[in-house]
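Undergrad: My questions all concern the structure below.
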Amino acid sequence: PPGTMYTSRQYPFHFGNLEKMAETYHGRHVSVRYLIRVSIERKFLPPLTKDCEVVVQSLPSQSTLERYAKLDQPIKMEVGIEDCLHIEFEYEKRFHHLRDVILGKVHFLLVRIKIKHMELAVIRRETVGGGGSNGMDISAAGADAAANSPNSKSPGNVASSANALTETQVLVKYEIMDGAPIKDEVIPVRLYLGGIPADLTPTYDGSTTNGRFNVRYFLNLVLVDMEDRRYFKQQEIVLYRQHLG
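Here is the structure:
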């Protein structure tokens, strides 16, 4: 209400059920922020304005969790180079909460190249604008796979087209095997999402951001041979929040 203030005062306020389609997000090229703004109009002087950011988190609905459970299944893929390398990798599931543990294994069926070590990384891919922001089919069981050839390179940091900008960020990388494997060797995979130092967020698809951007997560399995050639395969995973805080 209008009036004169000479001392500190407190004014209670309450906002009803405001629609908040996406969580708070601070990315490389896009941010989702929720602000409370206080403005005091002053006679003959410019107004005083103060913003305070409010962090918004949201939990998936029960129907969404049921859909995830219905769609979730082990991920099995075979990759390799003809007559040189053949591996089979398996992850127990595709949908993970932010404090989950990713479990799996890598089975070497054929090894005729000298492998130096194997790495597993978690990658965040942020796409702003363009067709890549129109959503993601979470019902698909397939992988967004990178090529695996002696000349393949690891994913780049930034890619752009006429209408879209994509930023790829390696959140964490672990060496899960050191030395050359032998035929039929099985390497276990255990990766704790809660131990990732970066600010891990749920997957954002176009349906929650009005098609403006999306944020997707991938597991990137990389083999490095003695000549430092890299062979990699990516598998998309879907992250969601299980608890607030």
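Residue numbers for the sequence shown follow my numbering, beginning at 20 and rising by one. Built from N, CA and C at the ideal position, the CB exists for glycine as well.
Starting from the N-terminal side, write out each stretch of the alpha helix (DSSP H) that is 4 residues or longer and does not extend beyond the stretch 55-88.
TA: List check, alpha helix (DSSP H) in window: nothing returned.
Undergrad: Can the beta-carbon of His115 be found closer than 8 Å to that of Ile256?
TA: It is a contact, given that the beta carbons lie within the stated cut-off.
Undergrad: With a threshold of 8 Å, are at least 3 pairs of Cβ atoms found where one atom belongs to the stretch 57-73 and the other to the stretch 81-101?
TA: Result no; under three Cβ-Cβ pairs closer than 8 Å.
Undergrad: Does the separation of the CB atoms of Val141 and Lys202 fall below 8 Å?
TA: No, the pair does not count as a contact, with Cβ atoms beyond the cut-off.
Undergrad: Near His126, what residues of its chain come up, given a Cβ to Cβ distance below 6 Å and the 5 sequence neighbours on each side ignored?
TA: Here the set comprises Glu107, Val205.
Undergrad: According to DSSP, is Ala212 part of a helix, a strand, or is it coil?
TA: The sequence as given places Leu at residue 212; Ala does not occur at that position. If DSSP states are grouped into helix, strand and coil, Leu212 belongs with the helices.
Undergrad: The beta strand (DSSP E) that contains Met24, what's its start and end?
TA: Per DSSP, Met24 belongs to no beta strand (DSSP E) and is neither H nor E.
Undergrad: In the DSSP assignment, the beta strand (DSSP E) including Glu97 goes from what residue to what residue?
TA: From DSSP, the beta strand (DSSP E) with Glu97 extends over 94-100.
Undergrad: At the level of alpha carbons, what is the spacing between Ile176 and Ile59?
TA: Per the sequence presented here, residue 176 reads as Asn, with Ile not at that position. Spanning the two alpha carbons is a distance of roughly 44 Å.
Undergrad: Straight-line CA distance for Glu38 to Lys124?
TA: Distance between the alpha carbons of Glu38 and Lys124: 42 Å.
Undergrad: Could you work out which residue in Thr185, Ile134, Tyr110 is closest to Thr146 when comparing CA atoms only?
TA: The shortest C-alpha separation from Thr146 is found at Thr185.
Undergrad: Since Val249 contacts Val241 with CB under 8 Å, what's their CB separation in whole angstroms?
TA: In the sequence under discussion, the amino acid at residue 249 is Arg, which differs from the Val named in the question. Contact flag correct, Cβ pair sits at about 6 Å.
Undergrad: Can you tell which of Arg260, Asn239, Phe34, Gln254 has the C-alpha that lies nearest to the C-alpha of Tyr223?
TA: Ranking the options by Cα distance to Tyr223, first place goes to Arg260.
Undergrad: Looking only at its own chain, which residues have a Cβ that is under 6 Å from the Cβ of Leu219, when we skip the five neighbours before and after it?
TA: Here the set comprises Leu117.
Undergrad: At which residues does the beta strand (DSSP E) containing Gln188 begin and terminate?
TA: Taken as a continuous stretch (DSSP letters only), the beta strand (DSSP E) holding Gln188 covers 184-197.
Undergrad: What residue range is occupied by the uninterrupted beta strand (DSSP E) comprising Lys252?
TA: That run of the beta strand (DSSP E) goes 249-259.
Undergrad: Considering only residues of the same chain and omitting the five flanking positions on each side of Ile121, which have a CB-CB separation below 6 Å?
TA: Leu210, listed in sequence order.
Undergrad: With Ile94 and Glu109 assumed to form a contact (beta carbons below 8 Å), what rounded beta-carbon distance in angstroms separates them?
TA: Contact holds; Cβ gap of about 7 Å.
Undergrad: So is Leu258 buried or exposed if we call it buried at 16+ other beta carbons inside 10 Å?
TA: Buried, since its Cβ has 16 or more Cβ neighbours within 10 Å.
Undergrad: Quick check: Arg144 and Phe237, are their CB atoms within less than 8 Å of each other?
TA: Yes, they are a contact pair.
Undergrad: On the DSSP bridge list, what partners appear for Asn233?
TA: Answer by DSSP bridge pairing, in chain order: Thr146.
Undergrad: Is DSSP giving Gly35 helix, strand or coil here?
TA: In the structure shown, Gly35 sits in coil (DSSP, three-state: anything other than H, G, I, E or B).
Undergrad: Among Phe63, Arg61, Arg56, whose alpha-carbon lies nearest the alpha-carbon of Cys71?
TA: Checked all of Phe63, Arg61, Arg56; the closest Cα to Cys71 is Arg56.
Undergrad: Assuming contact is defined by CB atoms lying nearer than 8 Å, are Asp12 and Leu212 in contact in what I supplied?
TA: The first residue shown for the chain is 20 and the last is 264, placing residue 12 beyond what the model contains.
Undergrad: Going by other Cβ atoms of all chains shown within 10 Å of its Cβ, with 16 needed for buried, is Gln253 buried or exposed?
TA: Gln253 should be labelled buried.
Undergrad: Taking C-beta to C-beta, are Ala183 and Gly148 nearer than 8 Å?
TA: Cβ distance < 8 Å, so Ala183 and Gly148 count as in contact.
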